[in-house]
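The structure appears below as C-alpha cells.
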Amino acid sequence: MLINATSLAVKRAATGAGGQPFNSGHNGGAFDWISAVSGLASAIVGIITLITVYIGATQFLSQNRMYRHGLSWRSLGHWQKIVDKSGLFGLQSRIAAPTVSLKSLAKQEWEPSISFPIGFPKVKNGTIEDGESFVQAKASWVNFMQALGLGPHQNHLYEMQDAPELLNGIVPMQWAGSDLVSISSILGFQSPEDKPSYKSSMPLPMQWSSPLGWLQFRASANGCVAQFRPRRKPRDQISPSLHSYYDPQDLVLPSKTSVLCSRLWTAINGYVLQENRVLYLGGADKHKRPQDIDDDAEMGNEELLRNIMKEDLPEQELMRQMFGKKEARSTALNQEVERTRSAMAQKTTGSLGRDTTESFLESILNTEKQKIDRKEVLRPCPGLLSTVVEGQLAFSRGLEEPNYTYIEYDRKYAVLEDIDRLQYPFNLGDLYLDGKLLKLVKEAVLQLQPDGFYFSPSFFVASDLREIFENIQAQSNTLKELCNDLQRTRKTARAHFSVPDMQLIAKAASSLRTEFLQPRENTQTLDLVWALIYSRQVVRAVLRALSKAPMARFLETPVFCKNNKLDLVGLLGDALHDEMEEKQNDDEENQIPGHYHIPHLDDGNFTGEDILAALALVFLTYFWIDKSWITDTSHYDATIPHSVLMC
Numbered sequence: 135m136l137i138n139a140t141s142l143a144v145k146r147a148a149t150g151a152g153g154q155p156f157n158s159g160h161n162g163g164a165f166d167w168i169s170a171v172s173g174l175a176s177a178i179v180g181i182i183t184l185i186t187v188y189i190g191a192t193q194f195l196s197q198n199r200m201y202r203h204g205l206s207w208r209s210l211g212h213w214q215k216i217v218d219k220s221g222l223f224g225l226q227s228r229i230a231a232p233t234v235s236l237k238s239l240a241k242q243e244w245e246p247s248i249s250f251p252i253g254f255p256k257v258k259n260g261t262i263e264d265g266e267s268f269v270q271a272k273a274s275w276v277n278f279m280q281a282l283g284l285g286p287h288q289n290h291l292y293e294m295q296d297a298p299e300l301l302n303g304i305v306p307m308q309w310a311g312s313d314l315v316s317i318s319s320i321l322g323f324q325s326p327e328d329k330p331s332y333k334s335s336m337p338l339p340m341q342w343s344s345p346l347g348w349l350q351f352r353a354s355a356n357g358c359v360a361q362f363r364p365r366r367k368p369r370d371q372i373s374p375s376l377h378s379y380y381d382p383q384d385l386v387l388p389s390k391t392s393v394l395c396s397r398l399w400t401a402i403n404g405y406v407l408q409e410n411r412v413l414y415l416g417g418a419d420k421h422k423r424p425q426d427i428d429d430d431a432e433m434g435n436e437e438l439l440r441n442i443m444k445e446d447l448p449e450q451e452l453m454r455q456m457f458g459k460k461e462a463r464s465t466a467l468n469q470e471v472e473r474t475r476s477a478m479a480q481k482t483t484g485s486l487g488r489d490t491t492e493s494f495l496e497s498i499l500n501t502e503k504q505k506i507d508r509k510e511v512l513r514p515c516p517g518l519l520s521t522v523v524e525g526q527l528a529f530s531r532g533l534e535e536p537n538y539t540y541i542e543y544d545r546k547y548a549v550l551e552d553i554d555r556l557q558y559p560f561n562l563g564d565l566y567l568d569g570k571l572l573k574l575v576k577e578a579v580l581q582l583q584p585d586g587f588y589f590s591p592s593f594f595v596a597s598d599l600r601e602i603f604e605n606i607q608a609q610s611n612t613l614k615e616l617c618n619d620l621q622r623t624r625k626t627a628r629a630h631f632s633v634p635d636m637q638l639i640a641k642a643a644s645s646l647r648t649e650f651l652q653p654r655e656n657t658q659t660l661d662l663v664w665a666l667i668y669s670r671q672v673v674r675a676v677l678r679a680l681s682k683a684p685m686a687r688f689l690e691t692p693v694f695c696k697n698n699k700l701d702l703v704g705l706l707g708d709a710l711h712d713e714m715e716e717k718q719n720d721d722e723e724n725q726i727p728g729h730y731h732i733p734h735l736d737d738g739n740f741t742g743e744d745i746l747a748a749l750a751l752v753f754l755t756y757f758w759i760d761k762s763w764i765t766d767t768s769h770y771d772a773t774i775p776h777s778v779l780m781c
C-alpha cells in the first residue's frame, strides 16, 4: 500500500495541474529508481524481521528446553512438584526453591536424621528395590537435603522462595551463609586451611570435606555458588548378624537434650547439660588475667616453714611453695634445680649399678619433656562467651541467653609443679579442675551419647574428651570378647564406619540406657559409667573379674556404693588377689583393695549386670568418639558471603 501511494503521487506530479504531462524523460528514470529502492528496503526489513523472529524463537525454545531440564525428575527428584508451580491453564510457570533457617529448625525441635544420599529412581514413580539403580539428582542441593533427612513432605521445616534465574541449568537454592556454616559443622565438614581466620574473608574457590562428601564454593557473576558432591557409600564394617538384629529397630534416644543443639554446641566448645544449661570450656588467653597473678598469696618465712612442716607435701608442691611457680622463677634458679635433680638421679642410679651415661641421657630427656609437657588448668571465667568469637557463633545459631544458662571456664597451660593441687585437686588426664567443675564434667559426659552419625566436635572438645576417656583408651585393647566387631574395626588402620554402623552403635547404646541403666529406687545406675571413666583402677578390676569369674555369678554379684566409695570386693572374687599384687603405690585414695574412691558418685546398690551394661556403654561411647570428624568450619561464620546459592 505504501509503494502504490508513492507511485500515484509521483504520477500526478508528472502530469501537472491541467492533466498535461511534463517532459518526463528524465523523471521516469527517477521514479523507477525510487521504486526499486523502496522494494529493496522492504525486502531487507522483512528479512531482518524474519531473522529476529527466528532468533527469538530459537532462544525461547532453548530456554524452554533448559527450564524443562532444570525442572525435570532427574534434576529435582521428589522436589519436582514443589519447585514447579504452573498456573493459568499451564501457560504460566512459577519456579520456587526451598530455603532453610537454622533458628527455625531449632524452634521446631528438628532432630536431624543424617544419612548418605542414595538418590532417586531413574523413572518417576518407579519402584526400584535395588539401591544401586538409584541416581543422584543433578541439583546438588536436593542430595544435600536428602543427606539431612529433609524432604518435601516436611513443609513445616522450610519455606518456599522464588528462585532466581537458572545456574548451569539448575534451579538454585538460596542459603544464608551463617546457616550453611552451622549445618556443615554438625555434618563434620573440615576446611583445608590449617588455621581458618575469623577476620579475613573466606578465600574462593574453596572445598570442604566430610564423611558425606565435599562442599565446593566458587565465585560467579551471581555471587557465591556452592555445590555438594556426595561420597561413594562405604560398606558396613560391623558384622551382618548384628545389623540384622538392630536394623529393624527404631532409633529412639533417651536423652532429654536436643541432638541438634548438642551438636551445635560441641562444634563451638560447649557441652549441653540438663535444664538448658551449657558448660563452655574455652581456650587460653595470651594476656594475663587477675587470677594469673594472685594464685599464690605471699607468706612470711615462719608461716611458710609451718605450712611445709605441717603436711607431708610431695616434691613438686614443696618446690612450688618454697620457690614459687616455675614460670616465675629466674632462669638461674631453674637451671640449678634441674642440675641438682640430674646429679641426684645419677647418684641414685649409680648406687643401683646402672650406667651413669644412660641415666644422664634420661635426665636430659625428662628435662626436655617437662618443657613441652604442660597441663591444662580449667578456671572459672564468668562472662567469657560475651568476649570471644564463640559467643557470636552461639548467637547466630539461636543458642544465646536467656534461652541457655552459660557456665564458663577458660584454661591455662602450666607445668605440673605450678598447679595448686589444693585448689585443683582432681585431674582427668592432663585436665586439672576443682570439685565443682568435676561434677559438671560428670553431667556433661553422661549426657554425651551416640546419636546415629559421626561425632563432629571442635578441636578443644575432641582434645578434652581424649583426656577424659584416657583411662578407657588405655584399657580398650584389653577387652577381647566384648564388643569384638567394634574393637576389630577400630584397630584396623583403614576402617571407616558407615552411617548404618553409626546408627547400630546408637541403637545399642540407647538400648543399654533404657533397659539396664534407668534410675531405680533412688539409685542412679548411670553413675557406674562415671566410675568407669574416672578411675583406671575400676575399669581394670572389672575387666579382670569379667575374664575370671563365671558369667552367671558375675551378673548376680551385688555391688555397693556409699560415701563416694565403690565396693567391688564381691565382684572381684578370685581377681582380688591379683588386684592386691598390682595395686599401684601412688594411689593414695585406694588404700583397701576392692574399694575405690569416686568423687560425686551417688549412693546405691547395684549388681554385676549393671556393671557389665555400664562397661559396654562406656566402650560404645568411646568407639563413637574415637571415630570423630573434628570440624573447623565454624570459623567461617562471619567470613563466608552473606548469601550462598547452592546448585
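Here the working numbering = 1-based position in the sequence shown + 134.
Just so you know, even glycine gets a beta-carbon here, dropped at the ideal spot from N, CA and C.
Could you check whether the region 346 to 360 touches the region 773 to 780, counting it as contact only if at least three pairs of C-beta atoms, one from each stretch, sit closer than 8 Å?
yes
Cα separation between ALA772 and VAL412?
Stepping through the sequence shown from its first residue, residue 772 is reached at position 638. Stepping through the sequence shown from its first residue, residue 412 is reached at position 278. Cα-Cα distance, rounded: 23 Å.
Looking at ALA643: is its Cβ nearer than 9 Å to the Cβ of TRP763?
Counting from 1 along the sequence shown, the entry for residue 643 is found at position 509. Counting from 1 along the sequence shown, the entry for residue 763 is found at position 629. No, Cβ-Cβ distance for ALA643 and TRP763 is not below 9 Å.
Could you tell me which residues DSSP puts in a beta bridge with LYS696?
Sequence index remark: in the sequence shown, residue 696 carries index 562 (1-based). LYS696 pairs with LYS699.
Could you name the residues that DSSP lists as bridge partners for TYR543?
For the purposes of this step, residue 543 is taken as residue 409 along the sequence shown, with counting starting at 1. In the DSSP output, where bridge partners are listed per residue, TYR543 has LEU415 and PRO514.
Neighbourhood of VAL234 by C-beta distance below 6 Å, restricted to the same chain and skipping five residues each side:
Residue numbering aside, residue 234 sits at position 100 when the sequence shown is read from its first letter. Taken in chain order, the residues that qualify are TYR292.
Note down, in chain order, each residue of its chain lying with its Cβ closer than 7 Å to the Cβ of SER396, except the 5 sequence neighbours on either side.
Translated into the one-based positions of the sequence shown, residue 396 becomes position 262. Within the same chain, SER396 has close Cβ partners VAL406.
Through-space distance from LYS573 to PRO514, alpha-carbon basis:
Here residue 514 refers to the residue found at position 380 when the sequence shown is read from its first residue. Here residue 573 refers to the residue found at position 439 when the sequence shown is read from its first residue. Between PRO514 and LYS573, the C-alpha separation is close to 14 Å.
Return helix, strand or coil for SER238, following the three-state DSSP convention.
In the sequence shown, the residue the question calls residue 238 occupies position 104. It is helical.
Using alpha carbons as the reference points, say which of GLU743, ALA231, LYS509 and PHE694 lies closest to ALA686.
As a first step, residue 686 must be located in the sequence shown, where it is residue number 552. The shortest Cα separation from ALA686 among GLU743, ALA231, LYS509 and PHE694 belongs to GLU743.
What are the start and end residues of the alpha helix (DSSP H) that includes TRP275?
By 1-based counting over the sequence shown, the position of residue 275 is 141. Per DSSP, TRP275 belongs to the alpha helix (DSSP H) from 274 to 282.
To test your reading of the DSSP string, which unbroken alpha helix (DSSP H) runs of 4 or more residues are found completely within the region 568 to 597?
569 to 581
Give every residue of the same chain whose Cβ lies closer than 6 Å to the Cβ of PHE631, excluding the five residues on either side of it in the sequence, and list them in chain order.
Walking along the sequence shown from the start, residue 631 turns up at place 497. So the qualifying residues of the chain are GLN371 and LYS761.
Give the DSSP-derived three-state secondary structure of GLY738 in the structure shown.
Counting from one through the sequence shown, the residue named residue 738 turns up at place 604. In the structure shown, GLY738 sits in a strand (DSSP, three-state: E or B).
Evaluate the contact criterion for the region 738 to 754 versus the region 651 to 667: three or more CB pairs, one atom per stretch, below 8 Å.
yes
May I have a chain-ordered list of the alpha helix (DSSP H) segments no shorter than 4 residues that lie completely inside the region 355 to 406?
374 to 380 and 393 to 400
Is the beta carbon of LEU527 closer than 9 Å to that of LEU580?
Here residue 580 is taken as the residue at index 446 of the sequence shown, counted from 1. Here residue 527 is taken as the residue at index 393 of the sequence shown, counted from 1. For LEU580 and LEU527, no; Cβs fall outside 9 Å.
DSSP on MET685, reduced to helix/strand/coil?
On the sequence shown, residue 685 is found 551 positions in, with the first residue counted as 1. Residue state, collapsed to three classes: helix.
Once DSSP output is grouped into helix, strand and coil, what is the label at PRO232?
Residue 232 sits at position 98 when you count from the first residue of the sequence shown. In the structure shown, PRO232 sits in a strand (DSSP, three-state: E or B).
Distance between ILE639 and ALA240 (C-alpha atoms, nearest Å):
Position 106 of the sequence shown holds residue 240. Position 505 of the sequence shown holds residue 639. Taking the straight line joining both Cα atoms gives about 25 Å.
Integer-rounded CB distance, given that VAL511 should sit under 8 Å from LYS546:
What you label residue 546 is simply residue 412 of the sequence shown in a count that begins at 1. What you label residue 511 is simply residue 377 of the sequence shown in a count that begins at 1. Contact flag correct, Cβ pair sits at about 5 Å.
Short of 8 Å in beta carbon distance, which residues of its chain neighbour PHE594, apart from the five on each side in sequence? Order them along the chain.
Indexing the sequence shown from 1 puts residue 594 at position 460. Taken in chain order, the residues that qualify are ASN403, LEU415, GLY416 and GLY417.
Identify the continuous alpha helix (DSSP H) that holds VAL778 and give its terminal residues.
Position 644 of the sequence shown, counting from 1, holds the residue named residue 778. VAL778 -> not in any alpha helix (DSSP H); beta strand (DSSP E) instead, spanning 777 to 780.
Who are LEU301's beta bridge partners in DSSP?
Stepping through the sequence shown from its first residue, residue 301 is reached at position 167. LEU301 pairs with ILE304.
Let me make sure I understand the geometry here. Which of HIS734, ILE320, GLN583 and MET307 has the alpha-carbon closest to that of THR765?
In the sequence shown, counting from the first residue as 1, residue 765 sits at position 631. When only C-alpha atoms are compared, the closest one is ILE320.
Apply the 10 Å Cβ neighbour rule to TRP167 and answer buried if 16 or more other Cβ atoms are within range, or exposed otherwise.
Residue numbering aside, residue 167 sits at position 33 when the sequence shown is read from its first letter. Exposed is the call here.
In chain order, what residues of the same chain have a beta carbon less than 6 Å from the beta carbon of ILE774, not counting five sequence neighbours either side?
Within the sequence shown, numbered from 1, the residue matching residue 774 stands at position 640. If we look at ILE774 and ignore the five residues flanking it on each side, its Cβ neighbours are GLY311, VAL315 and MET336.
Cβ pair PRO388, ARG654 closer than 9 Å
The residue given as residue 388 occupies position 254 in the sequence shown. The residue given as residue 654 occupies position 520 in the sequence shown. Against a cut-off of 9 Å, the Cβ pair of ARG654 and PRO388 comes out as no contact.
How about VAL676 and LEU705: do their beta carbons lie closer than 9 Å?
The residue given as residue 676 occupies position 542 in the sequence shown. The residue given as residue 705 occupies position 571 in the sequence shown. Cβ atoms of VAL676 and LEU705: closer than 9 Å.
With which residues is HIS731 paired in a DSSP beta bridge?
Counted from its first residue, the sequence shown places residue 731 at position 597. Its beta-bridge partners are LYS699.
What residues in its chain sit with their C-beta under 6 Å from that of PRO584, if we drop five residues either side in the sequence?
Mapped onto the sequence shown, residue 584 falls at position 450. Closer than 6 Å at the Cβ level, and outside the excluded window around PRO584, lie ILE639, ALA640, ALA643 and TRP758.
According to DSSP, what are the bridge partners of THR657?
Start at 1 with the first residue of the sequence shown, and residue 657 comes out as number 523. Partner(s): ARG654.
Just curious, the alpha helix (DSSP H) that MET636 is in, first and last residue?
Numbered from its first residue, the sequence shown carries residue 636 at position 502. It spans 633 to 649 - the alpha helix (DSSP H) in which MET636 sits, taken as one unbroken run.
Looking at the structure shown, is ASN605 part of a helix, part of a strand, or coil, going by DSSP?
Position 471 of the sequence shown, counted from the start, is the residue given in the question as residue 605. Helix.
How long is the line joining the alpha carbons of LEU346 and THR539, rounded to whole angstroms?
Counting from 1 along the sequence shown, the entry for residue 346 is found at position 212. Counting from 1 along the sequence shown, the entry for residue 539 is found at position 405. So the two alpha carbons sit approximately 33 Å from each other.
Which listed residue (GLN671, ASP544 and TYR380) has its alpha carbon closest to that of ASP598
Locating residue 598 in the sequence shown gives position 464, counting from the first residue. The residue with the shortest Cα to Cα distance from ASP598 is ASP544.
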